[in-house]
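Take a look at the structure below.
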Amino acid sequence: MKLHQQSKLLLAVNFRYRLTPPLPDGYFGNAVALPCCLCSVGELIEEPISASAGRIKKAIESVTDNYIRSRIDYLDMYQYQGFSSGHSSNNFMDRARVWLHGLWMGRAEVWDG
1 MKLHQQSKLL
11 LAVNFRYRLT
21 PPLPDGYFGN
31 AVALPCCLCS
41 VGELIEEPIS
51 ASAGRIKKAI
61 ESVTDNYIRS
71 RIDYLDMYQY
81 QGFSSGHSSN
91 NFMDRARVWL
101 HGLWMGRAEV
111 WDG
């Protein structure tokens, strides 16, 4: 990628407990928001890594009750049109609160690292 090109980092954030009131413990379904960090390749190279960490923290903290409800309204109005915008994307997921231990997936259990 060239220094002026934009790079997008999509983050998967579990929003079950970010809603007011939070989703009930027995809720079955996806509750994931995808905030993103967008900056140029040059910024990534020139700035200290703490600047990138700050962008990630800010993106995660942006997932508020208001953000989630606004996103639901947007999806309701425009249906699903995908997340690609022509930029290079990297997707990461915080598995700290994703429960997989002991989950049965057919012939073998899920490896929980």
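Heads up: the sequence shown begins at 1 in the UniProt record's numbering, then just goes up one per residue. Glycine is no exception: its CB is placed at the ideal position from the N, C-alpha and C atoms. Bear in mind that the values here come from a model prediction, so they are computed numbers and not experimental data.
Own chain partners of residue i with C-beta closer than 6 Å, once the 5 adjacent residues on each side are dropped
i: aspartate 65; result: Leu19, Thr20
i: glycine 29; result: none
Helix, strand or coil at residue i according to DSSP, with G and I counted as helix
i: serine 50; result: helix
i: alanine 33; result: strand
i: tyrosine 17; result: coil
i: serine 70; result: helix
Which residues DSSP lists as bridging residue i, in chain order
i: serine 40; result: Gln6
CB contact flag (residue i, residue j, <9 Å)
i: leucine 10; j: proline 48; result: no
i: serine 40; j: glutamine 5; result: yes
Spatial neighbours of residue i in its chain, beta-carbon cut-off 7 Å, leaving aside the 5 residues before and after
i: leucine 23; result: Arg16, Ala31
beta-carbon residue i near the ligand HEM non-hydrogen atom, thresh 8 Å
i: leucine 19; result: Inclusion of the ligand HEM in the displayed structure is not the case, the ligand content being empty and no account of it being possible.
Straight-line gap, residue i to residue j (C-alpha atoms, nearest Å)
i: tyrosine 74; j: valine 63; result: 15 Å
i: alanine 51; j: isoleucine 45; result: 11 Å
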